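The structure under discussion appears below in the form of structure tokens.
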Amino acid sequence: MDLVTPGLGLIVWTTLVFLILVFLLGKFAWKPILNAVHAREEAIDQALKQAEAARAEMGKLQASNEQLLKQAREEREAIVKEGRAMRDAMIAEAKDAASAEAAKILESARTQIHQEKMAAVTELKNQVAQLAIDMAEKVLRAELAQPEVAKANVERDIKDLNLN
Amino acid sequence: MIMHHIADSHGWHILDWNGHAVSIPLPVILWTSNGLVVFSSAEFHHDIEGHHVVEAGGLQFVNKHEKIYYAGTEDKPIDLSITKNVFALLVGAVVILLIFFSAARYYAKNTNAAPRGLAGFVEPLILFVRDDIARGAIPEKHLNRFVPYLLTLFFFIWVNNLLGLVPFFPGGANLTGNIAVTLVLAAFTLIITNVNGTKDYWMHIVWMPGVPTALKPILALIELIGVLTKPFSLMIRLFANITAGHILVLSLVSLIFIFESVWISPGSIILTLFISTLELLVAALQAYVFTMLTAMSFGAAVEEHHHDDHAHAEGHH
Chain X
1 MDLVTPGLGL IVWTTLVFLI LVFLLGKFAW KPILNAVHAR EEAIDQALKQ AEAARAEMGK
61 LQASNEQLLK QAREEREAIV KEGRAMRDAM IAEAKDAASA EAAKILESAR TQIHQEKMAA
121 VTELKNQVAQ LAIDMAEKVL RAELAQPEVA KANVERDIKD LNLN
Chain F
1 MIMHHIADSH GWHILDWNGH AVSIPLPVIL WTSNGLVVFS SAEFHHDIEG HHVVEAGGLQ
61 FVNKHEKIYY AGTEDKPIDL SITKNVFALL VGAVVILLIF FSAARYYAKN TNAAPRGLAG
121 FVEPLILFVR DDIARGAIPE KHLNRFVPYL LTLFFFIWVN NLLGLVPFFP GGANLTGNIA
181 VTLVLAAFTL IITNVNGTKD YWMHIVWMPG VPTALKPILA LIELIGVLTK PFSLMIRLFA
241 NITAGHILVL SLVSLIFIFE SVWISPGSII LTLFISTLEL LVAALQAYVF TMLTAMSFGA
301 AVEEHHHDDH AHAEGHH
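Sequence order for the protein chains is X and F.
For the first sequence, the residue numbers in the working numbering are 1 to 164.
For the second sequence, the residue numbers in the working numbering are 1 to 317.
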């Protein structure tokens with residue numbers, strides 16, 4: 001029975017010591033320790049969240065990078081295409097212009113040749129006429145110098161004329 | 001011998017040497033009809049049969065089975081002596097303060113650092129009490145209010161349980177196996193629970209909602225008894241477990257002397273070792289159980305019941 005009869009002295013001392021412990025530990029141990037642990041937990045939590053946000057940001061950046069790259073590629077293709085078209089157009093234009101010019105040059109050459117030819121023909125005609133006149137003059141002169149020859153000739157011509 | 005160990009004493013008996021008891025004298029503090037009287041327990045000269053009379057403060061005292069009487073009478077002064085258990089209590093308190101103050105110093109020095117050394121050892125335990133014992137039982141809103149008390153309670157019981165298992169001075173006192181100590185701890189649980197009891201808590205005790213009116217007074221009676229039996233069971237559980245452990249270990253050691261044979265000692269030692277190891281587990285387990293049930297009691301006191309929960313709550317009671 002002694003065993004289960006609480007002694008008053010021990011009750012008083014236990015109460016006293018336990019209350020002091022509750023007070024001292026609460027004030028100087030649990031409070032700083034729990035606060036520190038809590039602060040650390042918060043810090044870790046925050047760091048994790050930040051890392052997550054950074055990762056998301058990085059992903060977003062990567063996506064936008066890809067978008068940019070794609071856009072750049074498309075733009076390049078468009079530029080190349082445009083350049084090619086422009087080049088083709090320029091070549092065609094140049095060809096057209098060149099052929100037109102050639103035709104024009106040809107035409108003018110032809111005209112000139114024709115003119116030259118006509119001039120030459122006229123010149124030739126004139127010279128032939130002159131030559132003929134000169135020849136005729138010479139012949140006439142010779143015939144007139146020898147009256148019997150001229151007389152014979154005229155007679156023959158008259159004969160011819162008569163034959164006609 | 002076992003009963004002497006299990007009970008409290010005014011001196012700390014360490015060993016017998018050449019037929020003389022060697023013990024550490026502890027102060028005897030008495031509140032008598034003449035006021036406060038203090039003398040050393042050594043003045044009883046190890047007499048606990050009430051033969052040796054000590055004169056102090058103009059009064060005469062005898063020690064009968066570790067109870068101080070006025071000599072020649074059956075009257076007792078109020079005994080506030082630093083007995084073996086009180087001394088062990090103080091040692092335990094100093095150990096606890098040393099451990100946790102130095103741990104707290106680490107946290108003051110190292111903000112946001114990983115816990116190392118002593119802090120690394122106690123932090124998992126502190127977090128265990130906070131997260132596994134308190135958080136499961138007490139609503140988050142009230143958690144911070146009770147955690148410091150629960151921590152003190154847990155480490156007080158655990159450290160003193162462990163010191164009780166140390167077989168030599170200054171350990172080995174059966175402190176947490178003393179009913180006075182467990183009574184005080186259980187009383188604190190009872191007081192804190194009921195001081196913090198919300199209106200809801202009291203309603204569930206005296207006028208249980210959701211139950212036929214005829215049953216309400218009967219339930220109120222049961223619940224009111226329950227208010228007392230819960231801490232009472234706490235008191236008995238801790239006392240019985242620790243005392244049983246001490247009795248077991250001592251009995252096994254005593255086998256050697258009962259059989260008066262050295263040859264029995266190997267078996268005795270192996271069994272003692274086994275039980276002592278088991279007691280290490282029990283020391284932690286009982287601290288856990290006591291703290292856990294206290295936390296649940298606090299949780300029940302501050303819990304806010306929603307009316308949807310009543311069907312569930314009834315099923316639970």
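From the three backbone atoms N, C-alpha and C, an ideal C-beta is built for every residue, glycine too.
Quick caveat: nothing in here was measured; it's all calculated off a predicted structure.
Q.
Helix, strand or coil, according to DSSP, for T83(F) in the structure here?
A. coil
Q) Counting along the chain, where does the beta strand (DSSP E) carrying Q146(X) start and finish? A) No beta strand (DSSP E) holds Q146(X); DSSP gives it neither H nor E.
Q: Starting from the C-beta of L224(F), find all residues in its chain whose C-beta is less than 8 Å away, skip the five residues before and the five after it, and write them out in chain order.
A: I205, V206
Q: Run the CB neighbour count on F100(F), radius 10 Å, all protein chains shown included, and call it buried at 16 or more, exposed below.
A: buried
Q. Using 7 Å as the limit for Cβ to Cβ distance, is N160(F) near chain X?
A. no
Q | Entirely enclosed beta strand (DSSP E) segments - the region 126–165 of chain F, minimum 3 residues | A | none
Q. Mind checking if V17(X) is an interface residue toward chain A, Cβ cutoff 7 Å exclusive?
A. In the displayed structure, chain A is absent; the protein chains listed are X and F.
Q) Should E43(F) and V54(F) be called a contact, given that it needs their Cβ atoms to be closer than 7 Å? A) yes
Q) Any Cβ of chain X within less than 7 Å of the Cβ of P148(F)? A) yes
Q) At what residues does the alpha helix (DSSP H) containing P231(F) begin and finish? A) 216–259
Q. So, helix, strand or coil for K64(F), using DSSP?
A. strand
Q | Residues near M292(F) in its chain [Cβ-Cβ closer than 6 Å; skip 5 each side] | A | I133
Q. At a Cβ threshold of 7 Å, is A313(F) touching chain X?
A. Per-residue confidence for A313(F) stands at a pLDDT of 46, beneath the threshold of 50, marking its modelled position as unreliable; the derived number appears in the next sentence. No, no contact with chain X.
Q.
Taking 7 Å as the threshold (beta carbon to beta carbon), is I195(F) in contact with chain X?
A. The sequence as given places Val at residue 195(F); Ile does not occur at that position. No, because no Cβ of chain X sits closer than 7 Å to the Cβ of V195(F).
Q) Can you find a C-beta in chain F that's less than 7 Å from the C-beta of V165(X)? A) Residue 165(X) falls outside the range modelled here, since chain X spans only 1 to 164, and no answer is possible.
Q) Between G171(F) and I275(F), what straight-line distance do the alpha-carbon atoms span, to the nearest angstrom? A) 17 Å
Q. For I14(F), which residues from the same chain have a beta carbon less than 8 Å from its beta carbon, with the 5 sequence-adjacent residues on both sides left out?
A. V22, S23, I24, F168, F169
Q. Any idea if F146(F) is buried or exposed, counting beta-carbon neighbours within 10 angstroms, 16 or more meaning buried?
A. buried
Q. Grouping DSSP H, G and I as helix and E and B as strand, with all else coil, what is V22(F)?
A. strand
Q | One or two residues paired with A56(F) in a DSSP bridge | A | L59(F)
Q. Mind checking if D308(F) is an interface residue toward chain X, Cβ cutoff 7 Å exclusive?
A. In this predicted model, D308(F) has a pLDDT of only 49, less than 50, meaning its place in the structure is not dependable enough to derive any value.
Q) Within 10 angstroms of its Cβ, does R182(X) collect 16 or more other Cβ (buried), or is it exposed? A) Only positions 1 to 164 of chain X appear in the structure, and residue 182(X) is not among them; the question remains open.
Q | Bridge partner(s) assigned by DSSP for S40(F) | A | P27(F)
Q: Compute the beta-carbon to beta-carbon distance between F290(F) and I138(F), rounded to the nearest angstrom, for a pair I have assumed lies under 8 Å.
A: With 8 Å as the limit, F290(F) and I138(F) do not qualify as a contact, their Cβ atoms being about 15 Å apart.
Q: Give me whichever residues DSSP pairs with W17(F) in a beta bridge.
A: H20(F)
Q.
The alpha helix (DSSP H) that contains W202(F), what's its start and end?
A. 199–206
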